[in-house]
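Okay, here's the thing in C-alpha cells:
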C-alpha cells in the first residue's frame, strides 16, 4: 500500500498548535503533505484526517479517506455513525497524554485523601477546623477503567502506598493493584472503596455509571474523582449524595455540559473541586510523531496502535 506521490493529510486543530505540527511533518515526514482544514478547500484527495470533532459530512468532503486520528484519548466526540467501517479510527494515546493524566489523577487522589475540597470550602467561609489525617496505606483507592491511561494512574497510586484496586471489563494483571473484572467483579471492587476514580471510556454501557446506586454500594463518606467523561456522572445523584453525606467530596475534570453555566451547582459546591477538562493533553510534537508512525504502519500494512474497536466502543 504505497503511493509514489505525496500523501495528503489534513489537520483540524486550533491555530496555536498548527505550526508545531507543520514543523514536525516537514522535518520528519516530507512525503506526507500536511494541510490545515479549510471549509472552502477541495479536500477530496485527503487520505488521513487529524481532528478533534470532524463534521458529519466527512465522507462527502473526503471520499478517499483511509483513517481518522482523534485529537484526544476518547472517541465519544467523533461522528462514528458517519464514518464507514473500512475507515480506521485511531485514539490519541501519546506519551504526554498518559503522563499528564497520571499526574492529574495523582493530584486528585491526594487532594481527596487529605480533604482539600472540604478545607478550601471551609476556610473560604472563615471556618478553621481540622480533620484527622489518614495514612495512605489505610486508604482504599479504586480505578474504574484499566486501559493505557487507567493502568498508568493505578501504578502511580500504588507507588504512593495506597491500597489500590482496579476494575475493567476484561481481566488485567498489574503489579501491586488488586484487579477485578466484569459485572461479577464490580461488587467486590466497590466494597470498602473509599476513593473511586473514573477513567472509563464513554460507551452506552458506562454512561451514567457514577450514579446513586453505585454511591450506595460505597462506604459512607467515600470520595469521587471523575477524569473520564461528563456522561459517566449523573450529576443530580452526586449532588444528592453530597447533601446526604453518602459522598463526602468530589473532584471533577468533566461535566455533562461544557462549558457549564456559571450558576451550575457543582461549580460552587463547598466540597467539590472542578477543573475545566484539563486533566491531560497531547503536546503537538508528541502527537504529530504518533500520527506519522501510524500512517507509516498503515501504508506498509502493519497494525496501528490504539485503533478503536467499533463493537466495544473504544
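Residue numbers (the numbering used here): -10 to 303.
Built from N, CA and C at the ideal position, the CB exists for glycine as well.
No experiment lies behind these values; they were computed from the predicted model shown.
Roughly how many angstroms separate the alpha carbons of residue 63 and residue 218, rounded to a whole number? Computed Cα separation, rounded: 9 angstroms.
From what residue to what residue does the alpha helix (DSSP H) around residue 51 run? DSSP places residue 51 outside any alpha helix (DSSP H), giving it a letter other than H or E.
Straight-line gap, residue 128 to residue 182 (C-alpha atoms, nearest Å): The C-alpha of residue 128 lies about 8 angstroms from the C-alpha of residue 182.
Straight-line gap, residue 3 to residue 118 (C-alpha atoms, nearest Å): Those two C-alpha atoms are separated by around 45 angstroms.
Which residue or residues does DSSP assign as beta-bridge partners of residue 240? 214 and 262.
Is the beta carbon of residue 184 sitting closer than 8 angstroms to the one on residue 101? Yes, the Cβ-Cβ distance between residue 184 and residue 101 is below 8 angstroms.
Kindly indicate which three-state DSSP category residue 131 falls into: helix, strand or coil? Residue state, collapsed to three classes: strand.
Measure the alpha-carbon distance for residue 48 versus residue 234 and round it to whole angstroms. Cα to Cα, residue 48 sits roughly 50 angstroms from residue 234.
Which two residues bound the contiguous beta strand (DSSP E) that contains residue 115? Here residue 115 belongs to no beta strand (DSSP E), and DSSP marks it neither H nor E.
Nearest-angstrom Cα distance between residue 228 and residue 292? Using only the alpha carbons, I get a separation of about 45 angstroms.
Within 10 Å of its beta-carbon, does residue 148 have 16 or more other beta-carbons around it, so buried, or fewer, so exposed? Residue 148 is classed as exposed because its beta carbon has fewer than 16 other beta carbons within 10 Å across all chains shown.
By DSSP, does residue 85 sit in helix, in strand, or in coil? The DSSP-derived three-state label of residue 85 is helix.
Taking Cβ to Cβ, would you say residue 152 is nearer than 8 angstroms to residue 116? Cβ atoms of residue 152 and residue 116: not closer than 8 angstroms.
For residue -10, I'd like the list of residues in its chain whose CB is within less than 8 angstroms of its CB, leaving aside the five on either flank, ordered along the chain. Caution is warranted here: a pLDDT of 40 is assigned to residue -10, below 50, making its placement in the model unreliable, and no coordinate value can be reported.
Is residue 211 closer than 8 angstroms to residue 180 when the C-beta atoms are compared? No. Outside cutoff.
Coarse secondary structure for residue 71, derived from DSSP in three states: Three-state DSSP puts residue 71 in a helix.
Beta-carbon separation (whole angstroms), residue 95 vs residue 140, contact threshold 8 angstroms: Not quite, the Cβ-Cβ distance comes to about 14 angstroms (not below 8 angstroms), so this is no contact.
To the nearest angstrom, how far is it from the Cα of residue 46 to the Cα of residue 21? Separation of residue 46 and residue 21 (C-alpha to C-alpha, rounded to the nearest whole angstrom) is 24 angstroms.
Enumerate in chain order the residues of its own chain whose CB-to-CB distance from residue 215 is below 7 angstroms, with the five nearest sequence positions on each side excluded. Taking residue 215 as the centre and dropping the five residues before and after it, the same chain places the C-beta of 187, 199, 221, 222, 241, 242 and 243 closer than 7 angstroms to its C-beta, in chain order.
Which residues does DSSP list as the beta-bridge partners of residue 187? Residue 187 pairs with 133 and 215.
Closest by C-alpha distance to residue 172, when choosing among 160, 166, 165 and 87: If we check each option's Cα against that of residue 172, 160 comes out closest.
Between which two residues does the beta strand (DSSP E) containing residue -3 stretch? Its beta strand (DSSP E) spans residues -4 to 1.
Pull up the distance between the alpha-carbon of residue 296 and that of residue 280, whole angstroms please. If I take the Cα positions, the gap works out to 12 angstroms.
By DSSP's criteria, residue 170 is part of a beta bridge. Which residues make up the other side? DSSP lists 157 as partners of residue 170.
Would you identify the three-state DSSP class for residue -9, choosing helix, strand or coil? With a pLDDT of only 43 at residue -9, under the threshold of 50, the placement of this residue in the model should not be trusted; the figure read from the coordinates follows. Look at residue -9 here: in three-state DSSP terms it is coil, with no helix or strand label.
State buried or exposed for residue 35, treating a residue as buried only when at least 16 other CB atoms are found within 10 Å of its CB. So residue 35 ends up on the buried side.
Measuring CA to CA, which of 163, 109, 150 and 123 is closest to residue 138? Scanning 163, 109, 150 and 123 for the CA closest to the CA of residue 138 turns up 163.
Contact check, residue 54 vs residue 67, beta carbons under 8 angstroms: No, Cβ-Cβ distance for residue 54 and residue 67 is not below 8 angstroms.
Nearest to residue 248 by alpha carbon, out of 266, 231 and 261? Answer by Cα proximity: 266.
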